[in-house]
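The block underneath contains the structure these notes are about, expressed in structure tokens.
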Amino acid sequence: MDNGRSIGFVCTLILTLVALSGCYEPEPRPRVIGEDRPVAMPAPQSVPRYRLLGRSVQGRAITAQVLGDGIDTTLVIATIHGNEPAGTPLVKRLADHLMTNQNLLAGRTIVIIPVANPDGLAAGTRENIRGVDLNRNFEASNRVNTASNGHQPLSEPESRAVYAAIQEFSPDRILSIHQPLSCIDYDGPGKALAAAIAAACRLPVKKLGAMPGSLGSYTGEELGIPTITVELPAAATNLSEDALWARYGQAMIVGITYSLPASK
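Numbering-wise, our numbering comes out as the position in the sequence shown, counting from 1, plus 124.
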């Protein structure tokens, strides 16, 4: 009886040692198909970034959407005049188009401010809520200090927000969307760019002149940045986003892809 117990104990001990030594393989867990495949990460330029540039007089956010990370930089601004709203859906569609056609972002950074004057947009007024024309409030040498232009340059938080974007991103070109003059205007060395944009839509090139304290006077004439004013017709306000894009989308694409002389 004692010998039997000893033999049983020895057999149990041997089996335990065999299991611990790795000769015994436990039942493998079920394998999930595809679990060992690498997870595809989006390319850096496929993820838009957002900047809070500032806030309006009434506290509305003024934001920029930044797409791409290339050296060729375009700043696109819409609705700096609140009663010229057609640019906002147009530039939002531009952002969507760039997200789905990422080849257009190769070597480029596109900075889009969809609403530069949110209080004016809400009120349906050209000026901001304090009655200042933001496109006469930049620090150009031709500006005139008045109540409607601002008693000093960059007196308004909205114009300071646009100025902050210019300082941060140092754009190679600027596209500013307006209404209702139905033309392509330019300031600074933007004649060829304006002609290329005009050829892509039904708007003629017209040199309207540098307005006192305007964005174009500051960035185009003084900083030497090709600055294009895309003046949509008044009726563009009544167009759907799809119709706006059908008419002016190609012009926007040309505006950001046209080859400029190297400046950086």
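Virtual Cβ for every residue (Gly too), placed ideally from N, Cα, C. It should be emphasised that the depicted structure is a prediction, and the values quoted were computed from it without experimental measurement.
Delimiting residues of the beta strand (DSSP E) encompassing residue 235
232–237
Where residue 250 falls: helix, strand or coil (DSSP):
coil
Report the residue from 323, 331, 294, 337 whose alpha carbon sits nearest the alpha carbon of residue 379.
323
Any beta strand (DSSP E) of 3 or more consecutive residues that is wholly inside the stretch 184–210
185–191, 196–202
Just to confirm my understanding: we take residue 157, look at its own chain, exclude 5 residues before and 5 after, and list those with CB closer than 8 Å. What are they?
For residue 157, the predicted model reports a pLDDT of 49, less than 50, meaning its position is unreliable; a value from the coordinates is still stated below. Leaving aside the five residues that flank residue 157 on each side, none in its chain has a CB nearer than 8 Å to its CB.
Evaluate residue 232 with the Cβ neighbour count: other Cβ atoms within 10 Å of its Cβ, from every protein chain shown; 16 or more gives buried, anything less gives exposed.
When all chains shown are included, residue 232 counts as buried.
Quick one: what's got a C-beta closer than 7 Å to residue 269's C-beta in the same chain, skipping five residues either side?
275, 276
Stretch-stretch touch, CB-based, cutoff 8 Å, three pairs: the stretch 315–331 with the stretch 197–211
no
Quick check on the DSSP output: the alpha helix (DSSP H) that includes residue 366 runs from which residue to which?
365–381
Pick from 189, 346, 360: whose alpha carbon is nearest that of residue 266?
346
Consult DSSP for residue 301 and reduce its assignment to one of helix, strand or coil.
strand
Per DSSP, the bridge partner or partners of residue 217
DSSP, once it has assigned bridges, lists no residue as partnering residue 217.
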